[in-house]
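Comments concern the structure below.
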Amino acid sequence: MESIPVLIVGAGPAGLAMALALAQNGVRPRIIDKASVYHTGSRGFGLQPRTFEIFEMLGILSDVSDLAVDIPTMRAYKLPEGIEPTKTWNLYEDMPDFPDRPYGNGKCLSQSTLEDIMRAHLSRYDCKVELGKELVAIDQDGSAVNATLLIHHIGGPSSQEIVHAEFVIGADGARGVSRKLLGLTFQGETRDADGMVWADVEIDGLSSDYWHIWGHPGHFTIQARPWNSTTKMFNIGITGQNFDPSELSEPDKVRQLFREKTGRTDLVLGEFHWLSYFRPNMRIGNKFGEGRVFLVGDAAHVHSPTGGQGLNCSIQDSINLAWKMALVHKGLSSMSLLSSYNEERLPVITQMLHATTALYTHAVAKKSTADEAAEDDKKSGWFRWRNNALLLYGVNYRWSSIVLDERDTSSPNEEDMKARGYEGYASSLRAGDRAPEAPGLVSETGKEISLFNLFKPNVHTVLVFVPHSKGASTDRPEINAIIEATKAHDFQTVLLSQDRNPRSAAGIRVVYDRDGYAFKHYFIGDEFMCVVVRQDWMVGAFVRDASGLERYLAKVFRN
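The structure is reproduced here in structure tokens:
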């Protein structure tokens, strides 16, 4: 029986992100998928700004940015002819790039292309997806999990394998077996009266400059989104009420309905590269794991495509869990650290599910006329997604038992904080929040860098802020005490100074905050402050001295 640290079941974005993050932390998992070939199709194609920061963390940002495209301008048409435009608008309000939020707007990229990129990077860690292997049983105790796999052999009978793993990650989707084997509930609703059909198809005669929309909100909607500005490939979606999506399981049926509903008999729908149909599900598990088995992504929560949150939140699940699991595997933290995964992520996903369900209800169930749709997006399903929470910058864990904030002298209510775990806060920064970016830093060698250049996915970063009033010297008792406190852990310590030529010291990197963004966006005043940035690039602590740092370390690391 093979013994491994982590078995990941499911090789979609959540499973691949988990595998990459573990590999970056020196833990090589096995990752399996019951499919015999890699999935194709757009599926979850919307990438939110915060996700690009995670791609930077995972080391895949450059490859993703090369292929991702801007969200096309949307255009609705008057029926029944389907040719005359009635409204042209942007799905999201255009957001500029800010120093602390370097990615203002989301992008589009086929999920299959993203998975190709993630697998290529994962292979650099000598880790590859094992296809045709299906989880069928789990038996766990306090020290390990025995996972029974059914191996499907092409042209031959199946066989079984038992894998002895320290942990198992269920990333096998809403229909997967992981959650069911744990006996967890999946609370929520299925909109039985609604249907959705999605396909990737080549269309001749349709401009690739727009995301095209036909229909009447409250009745039906047909959309066609170009893959990019030079292609004939479109992702089409058919949504509406009171129709059975299984009736559109064949390309010819989709072609016929497309012509009938849009009135565009001049368009030629060619080869279908992918076709899927389903009824909208909005569900969440009662918890995201049991014992040594954890759920990420759609295995833990599933929602409508409206809002473009599914893939993005799934990746955030994995990033939250991976660094904690790596520390436990290495013996640096106790098992209790892993309970913070459910503690942190469940409230966020609960609030996200409320938001995306509301968007879906508005988009699909709202009844309107074409004229209203053209004139006022507040009265119709042709609307702009104004909820900035969709960008995912606001996701936070302020209530978490493993964060510490010595700056916050208030006593906020835990349930109130959880209610804002998804939306976040606009004008403050506390432990548990996303760590902001800060460009315009200058290293000891004179090189211009940013905080994201310094953060790492495999170690905590301790930012030591020393304002003008405290002097330029790094040879200070409080700094030496912080360096001493981190010696037992694999941390990196960075001193951020407002002085142009701060003196360096052994065991600490010194950076000049030339443009002032680090002090500004971390809300540092005229005081010495230490900020701990976790390996998922969230703020773990604001502390004033080494004793505060020791209190944070006691929350996360084994004593």
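Start counting the sequence shown at 1; every next residue gets the next number (the UniProt record's numbering). Yeah, the Cβ is synthetic: ideal placement off N, Cα and C, and Gly gets one too. Owing to the predicted nature of the structure, the values given are computational and were not obtained by experimental measurement.
When burial is assigned at 16 or more other CB atoms within 10 Å of the CB, is residue 179 buried or exposed? Flag for residue 179 reads buried.
Please confirm whether residue 197 and residue 251 have their CB atoms less than 7 Å apart. no
Looking only at its own chain, which residues have a Cβ that is under 6 Å from the Cβ of residue 544, when we skip the five neighbours before and after it? 406
Going along the chain, which unbroken runs of the beta strand (DSSP E) with 3 or more residues stay wholly within the region 100 to 131? 129 to 131
Endpoints, the beta strand (DSSP E) within which residue 204 is located: 194 to 204
Just the Cα atoms here: how many angstroms apart are residue 105 and residue 95? 6 Å
Nearest to residue 56 by CA position, among 35, 77, 39 and 21, is which residue? 21
Express the C-alpha separation of residue 514 and residue 396 in angstroms, rounding to a whole number. 28 Å
Evaluate contact between the region 208 to 220 and the region 68 to 80, counting only Cβ atoms and requiring at least three cross-stretch pairs below 8 Å. Counting Cβ pairs under 8 Å, three or more are found: they touch.
Round the Cβ separation of residue 337 and residue 548 to the nearest angstrom and send it over; I've been treating them as touching at under 8 Å. Actually they do not touch by this definition, with Cβ atoms about 19 Å apart.
Give the single residue among 446, 491 and 453 whose Cα lies nearest to the Cα of residue 439. 453
Flag residue 392 as yes if its beta-carbon sits less than 7 Å from any beta-carbon of chain D, otherwise no. Chain labels in this structure do not include chain D; a single protein chain is all it has.
Under 8 Å, with one C-beta from each stretch per pair, do the region 200 to 210 and the region 169 to 183 reach the 3-pair mark? no
Going by Cα to Cα distance, which pick from 256, 271 and 339 is closest to residue 234? 271
Compare the Cα-Cα distances from residue 140 to each of 293, 389, 542 and 466 and report the closest residue. 293
For residue 443, which residues of its own chain have a beta-carbon under 7 Å away from its beta-carbon, when the five flanking residues on both sides are left out? 449 and 511
Take residue 111 as the anchor and find which of 144, 13, 550 and 30 has the nearest alpha-carbon. 13
Hey, is the region 109 to 123 in contact with the region 75 to 89, meaning 3+ C-beta pairs nearer than 8 Å? Segments in contact, no.
Just grab the DSSP bridge partners of residue 140 for me. 145
Counting only the same chain and skipping the five closest in sequence on each side, list residues whose C-beta sits under 8 Å from that of residue 263. Excluding sequence neighbours, residue 263 sits near 79, 80, 81, 82, 83 and 214.
Check this for me: beta carbons of residue 206 and residue 267, under 7 Å apart or not? It is a contact, given that the beta carbons lie within the stated cut-off.
Please state whether DSSP places residue 48 in a helix, a strand or coil. coil
Look at residue 103 and residue 45 and say whether their C-beta atoms are less than 7 Å apart. no
In three-state terms, what does DSSP make of residue 394? coil
Quick check: what's the CA-CA separation for residue 30 versus residue 466? 44 Å
Beta-carbon proximity check, residue 469 vs residue 536, cutoff 7 Å: no
Output yes or no for whether 7 Å exceeds the beta carbon distance between residue 32 and residue 121. no
Range of the contiguous alpha helix (DSSP H) that encloses residue 318: 310 to 329
Where the beta strand (DSSP E) through residue 268 begins and ends: 268 to 278
For residue 553, which of 494, 462 and 8 has the nearest alpha-carbon? 462
Do residue 348 and residue 422 have their beta-carbon atoms positioned less than 7 Å apart in this structure? yes
Quick check: the Cα distance between residue 128 and residue 10, rounded to an integer number of angstroms? 12 Å
Report the partner residues of residue 215 according to the DSSP bridge assignment. 221
Just the C-alpha distance for residue 498 and residue 434, rounded to the nearest angstrom, thanks. 23 Å
Identify which residue in 229, 455, 152 and 28 has its Cα closest to the Cα of residue 509. 455
If you draw a straight line from the alpha carbon of residue 188 to that of residue 284, how long is it in whole angstroms? 6 Å
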